[in-house]
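**Student:**
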Amino acid sequence: MTQQNLVVCTKCGVVNRLPPNRNGADGQCGKCGARLFSGSPQDIDAVNFDRQIGRGSLPVLVDVWAPWCGPC
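The structure is reproduced here in structure tokens:
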């Protein structure tokens, strides 16, 4: 059996299966139809962060910031 990548939709939170031989750039969520990879940073809350890290199987780049704190 071929291992599939699990990608969490940032719009609706559904976990989508993406075959490893498929180009993820054009992948869409099976529930809401949103693009799985927008190509831009996404603002997510604590619940969505836990879902992305806990349920997704792909690496995630995280930049933690606060509006009241300037860039380092």
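For the sequence shown, the numbering used here assigns the number 6 to the initial residue and increments by one for each residue that follows.
A virtual CB, placed ideally from N, CA and C, is assigned to each residue, including glycine.
Computed from a predicted model, the values in this text were never measured in an experiment.
1. Assuming L63 and N28 are in contact, meaning their beta carbons sit under 8 Å apart, how far apart are those beta carbons, in whole angstroms?
2. Quick check: does the Cβ of P76 come within less than 7 Å of any heavy atom belonging to the ligand FMN?
3. According to the neighbour-count rule (16 or more other Cβ atoms, all chains shown, within 10 Å of its Cβ), is C37 buried or exposed?
4. Assuming M40 and Q47 make a contact with CB atoms under 8 Å, what is their CB distance in whole Å?
5. Quick check for students: name the residue ranges of the alpha helix (DSSP H) that lie wholly in the region 6 to 68, counting only runs of 4 or more.
6. Restricting to Cα atoms, I'd like to know which of G75, L66, G44, L23 is closest to Q8.
**Tutor:** Here's the rundown:
1. At roughly 14 Å, the Cβ-Cβ gap does not stay under 8 Å, so L63 and N28 are not in contact.
2. Among the components modelled here there is no ligand, and therefore nothing to report on the ligand FMN.
3. exposed
4. According to the sequence displayed, residue 40 carries Arg and not Met. Rounded, the Cβ-Cβ distance is 11 Å, inconsistent with contact.
5. 51 to 60
6. L23
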